[in-house]
Each structure stands twice: as structure tokens, then as C-alpha cells.
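Residue numbers (our numbering), protein chains in the order written: chain A, 256 to 364; chain B, 833 to 1059.
This is the structure we're talking about:
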């Protein structure tokens, strides 16, 4: 393995640019709250800024962009499983909310 | 080495190591971070589930975490400042890794120290936030005067776990900084509790952990504070 360079070496400028971009994105997500945006627009913006920031940190700061595919897939694909847990959680929460609604309504009648 | 899908097959079916070009310690840190991702996701998804299923109104984070500065009430400002501090520490960490590989001992040392200082500031602000919520607002893990009882449990569990990660990170940043300035990595001296030679890749491995802490905060900021 001596022929391969281990460790990541990139120009310092790319970190400064990403750093600046993260500042801009954080400010933007703060402004979403500051200007009291509501509804689907709020959700879309919050999730979009969140995923952009997460992507930049993982890709550049954590150097995932320059790793081999075997590494990328081993780390990033398992996290997709969490979508299943998210779906189950949302279904269960809706059902619980519904039964609680029925229960409390009965108490009122 | 082959690239693309062929590269994946070749790497995984090869002798000795699946992760080419990646030092052993770095691959292990990535796998640890993957498991930590699952832990934090369990917290955040459970939080989503209790928040969606409660029939009581959820306390408005925008107001709970507001601060009065210069006689004006600014929503969520404390959390915004904490976010900028953590992002800045990620920036200085990335530069520390870079100067580490250039074997620039002094710059790496100071950048690591700045990162640790920013991390400690973050934890300090979190302590301030917790004190404000517990003492002034009467928020407890089992209930609070503002609305849904689950608010306190979710808040203390999620931010507490994240704060613990930051605190551990600060301690390890200081340890790595001392190793760097002493020249342990230049002279390949073995570390504490290990016979492996010291190398500058430990700065990058430390960096992975630190960026992960920042990454988790991105998700907490979005789903806990901005929802």
C-alpha cells in the first residue's frame, strides 16, 4: 500500500468557501423562523437548508467526496434504513393521536 | 484501482482490506459514527412521534429560546449564536486537519485549541440555556407550565446527549493538540494505551468526530428548534 497516498490534502480555499456557505445557509434557516414563515413553505425551506448543510459537511469537511465508492456506500446506504423507522414513527403517531382524540372526545360527551 | 461499481466489487472481494486508501483508524471512526447516527436518529424520530401524537399544544421553541437583548426580544437568538459557534469550530477543525497533513505543528496546535475553545463556549451556552429553562421557566422532563409534557423529556434527552458529545470532543481535542505540539506525531511516538505509531491521521480522525457533532446539531436545529 506504500504506493498510495493516505490522508487527504486539498487547498485551504475550499474549506473557507464551504465555511462561508454554511454561514449563509444557517442565516437563511434562522430567517425562516425570524420572518414567521408557515406551512409547506416553512417545511420545504427548513428541510432543504438542513440537507444542504449536512451534505456539505459530510462531502467536504469529512472528505467523503474524495473517498472510494466502497467507503461511501458502506457508510451512507445504511442510513437510508432510517427512512423506514421515520415512516413507522409517523404512522404510529397519527394512530395514537387519532385514538387520543376519540378518547378525550368521549370524556366530554 | 478500478472505479465505479467494478471498484466496489474489487474492493470488497480483495484481500486484507475493503477500504482502500483509508487508514484503519479512520474506517473504524466512520463505523462508530454510523452507529452514533442511529442513536441520534432514534432520539429524533421518537421526539417526532411524541410531538405528533400529543393532544396538548407544543411549547413554541421560537419563544421559549428567545432572549431579550438591548431591550428587544429576539426569537431563537441564543440557538442561532450557538449554531454559528459550532459551524465556526467545524471550519477551524477542517483547517487543523489540513495543516496537520502539511506537518505544520504550530498552526495545527492553535487551530485545535481554537476549535476546543469554541466547543467549550457552545457547552457553556448550553448550560446557560438549561439553567434558564429549569430555573426560570420551570421545565422538567416530566412536565412544564407551557404545554405538552413531552417537551422537557425530548429537549433534555436530545440536547443533553449532544452536549455530552461536544464535551467529550473538547477533551479529546485538547489531548490531540498536546500530542501535536509535543511533536509526538512527527516522531511517531506511540500513544497512551496503544502501541501504534503516532501519525497525523489522528488529527483527521478527531476531525471526523468533531464534524459529526456539528452535523448532528444541524439536524437538531432544524427539527427541534425550527419545527
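Don't be surprised by glycine CBs; every beta carbon is placed ideally from N, CA and C. On a predicted model such as this, the values are computed, not experimentally measured, just so you know.
Presumed contact (8 Å Cβ cut-off) between residue i and residue j, rounded CB distance
i                       : j                      : result
residue 980 of chain B  : residue 889 of chain B : 7 Å
residue 1012 of chain B : residue 934 of chain B : About 12 Å; that fails the 8 Å criterion.
residue 846 of chain B  : residue 348 of chain A : No, residue 846 of chain B and residue 348 of chain A are not in contact; Cβ-Cβ is about 45 Å, not under 8 Å.
residue 1024 of chain B : residue 911 of chain B : About 36 Å; that fails the 8 Å criterion.
residue 1056 of chain B : residue 998 of chain B : Going by Cβ atoms, the distance from residue 1056 of chain B to residue 998 of chain B rounds to 16 Å, so no, they are not a contact pair.
residue 958 of chain B  : residue 915 of chain B : Going by Cβ atoms, the distance from residue 958 of chain B to residue 915 of chain B rounds to 12 Å, so no, they are not a contact pair.
residue 827 of chain B  : residue 909 of chain B : Limits of chain B in this structure are 833 at one end and 1059 at the other, which puts residue 827 of chain B out of reach.
residue 343 of chain A  : residue 315 of chain A : Contact flag wrong, Cβ pair sits at about 33 Å.
residue 283 of chain A  : residue 304 of chain A : 6 Å
residue 877 of chain B  : residue 340 of chain A : 5 Å
residue 267 of chain A  : residue 976 of chain B : Their Cβ separation, rounded to whole angstroms, is 46 Å, which puts residue 267 of chain A and residue 976 of chain B out of contact at 8 Å.
Exposed unless 16 or more other CB atoms sit within 10 angstroms - verdict on residue i
i                       : result
residue 1042 of chain B : buried
residue 288 of chain A  : buried
residue 1036 of chain B : buried
residue 350 of chain A  : exposed
residue 1058 of chain B : buried
residue 841 of chain B  : exposed
residue 887 of chain B  : exposed
residue 218 of chain A  : Within the shown structure, residues of chain A are numbered from 256 to 364, placing residue 218 of chain A beyond reach of any answer.
residue 892 of chain B  : exposed
residue 329 of chain A  : buried
residue 960 of chain B  : exposed
residue 906 of chain B  : exposed
residue 867 of chain B  : exposed
residue 917 of chain B  : buried
residue 1029 of chain B : exposed
residue 290 of chain A  : exposed
residue 895 of chain B  : exposed
residue 274 of chain A  : buried
residue 357 of chain A  : exposed
residue 858 of chain B  : buried
residue 256 of chain A  : Any reading at residue 256 of chain A must be qualified, since the residue scores a pLDDT of 36, below 50, and its modelled position is unreliable; no value is offered.
residue 865 of chain B  : buried
residue 1051 of chain B : buried
residue 258 of chain A  : At residue 258 of chain A, the pLDDT of 39 sits below 50, so the modelled position is not reliable; the number obtained from the coordinates is stated separately. It counts as exposed.
residue 970 of chain B  : exposed
residue 982 of chain B  : buried
residue 1008 of chain B : buried
residue 1031 of chain B : buried
residue 1033 of chain B : buried
residue 947 of chain B  : buried
residue 312 of chain A  : buried
residue 317 of chain A  : buried
residue 881 of chain B  : buried
residue 951 of chain B  : buried
Bounding residues of the alpha helix (DSSP H) (the contiguous stretch that carries residue i)
i                       : result
residue 1059 of chain B : From DSSP, residue 1059 of chain B is part of no alpha helix (DSSP H); its letter is neither H nor E.
residue 1038 of chain B : 1033-1052
residue 308 of chain A  : 294-311
residue 1012 of chain B : 982-1014
residue 975 of chain B  : No alpha helix (DSSP H) contains residue 975 of chain B, which DSSP labels as neither H nor E.
residue 273 of chain A  : 267-289
residue 362 of chain A  : 337-363
residue 957 of chain B  : 937-963
residue 327 of chain A  : 324-334
residue 891 of chain B  : First-last for residue 891 of chain B: undefined, no H or E at that position.
Below-7 Å beta-carbon distance, residue i vs any chain E residue
i                      : result
residue 890 of chain B : Of the protein chains in the structure, A and B, none is chain E.
Exercise. Hey, which unbroken runs of the beta strand (DSSP E) at 3 residues or more fall wholly within the segment 898-923 of chain B?
Worked result: If only complete runs of 3 or more residues are kept, the segment 898-923 of chain B shows the beta strand (DSSP E) at 899-901 and 904-906, in order along the chain.
For this session: Just list the alpha helix (DSSP H) runs in the segment 834-871 of chain B, keeping only unbroken ones of 4 residues or longer that don't cross its boundaries, in chain order.
Result: Whole alpha helix (DSSP H) segments, 4+ residues: 836-844.
Exercise. Touching or not, the segment 293-303 of chain A and the segment 941-954 of chain B, by the rule of three or more beta carbon pairs under 8 Å?
Worked result: No, they do not touch.
Exercise. Within the chosen definition, does the segment 865-885 of chain B reach the segment 332-349 of chain A through at least 3 CB pairs nearer than 8 Å?
Worked result: Counting Cβ pairs under 8 Å, three or more are found: they touch.
For this session: Take every Cβ of the segment 837-857 of chain B, pair it with every Cβ of the segment 309-324 of chain A, and state whether three or more of those distances are shorter than 8 Å.
Result: Yes, the segment 837-857 of chain B touches the segment 309-324 of chain A.
Exercise. Are three or more beta carbon pairs between the segment 1013-1023 of chain B and the segment 918-927 of chain B nearer than 8 Å?
Worked result: Using a Cβ-Cβ distance cut-off of 8 Å, the segment 1013-1023 of chain B and the segment 918-927 of chain B are not in contact, since fewer than three pairs of beta carbons, one from each stretch, lie closer than that value.
Problem set entry | Three CB pairs or more closer than 8 Å across the segment 306-316 of chain A and the segment 1043-1053 of chain B | Taking a contact to require three or more Cβ pairs closer than 8 Å, the segment 306-316 of chain A and the segment 1043-1053 of chain B qualify as touching.
Exercise. Taking contact to mean at least 3 C-beta pairs separated by less than 8 Å, is the segment 1024-1039 of chain B in contact with the segment 998-1009 of chain B?
Worked result: By the Cβ test, the segment 1024-1039 of chain B is in contact with the segment 998-1009 of chain B, since at least three Cβ pairs between them sit closer than 8 Å.
Problem set entry | Three-pair Cβ contact test at 8 Å for the segment 975-995 of chain B versus the segment 950-966 of chain B | Yes: at least three Cβ pairs fall under 8 Å.
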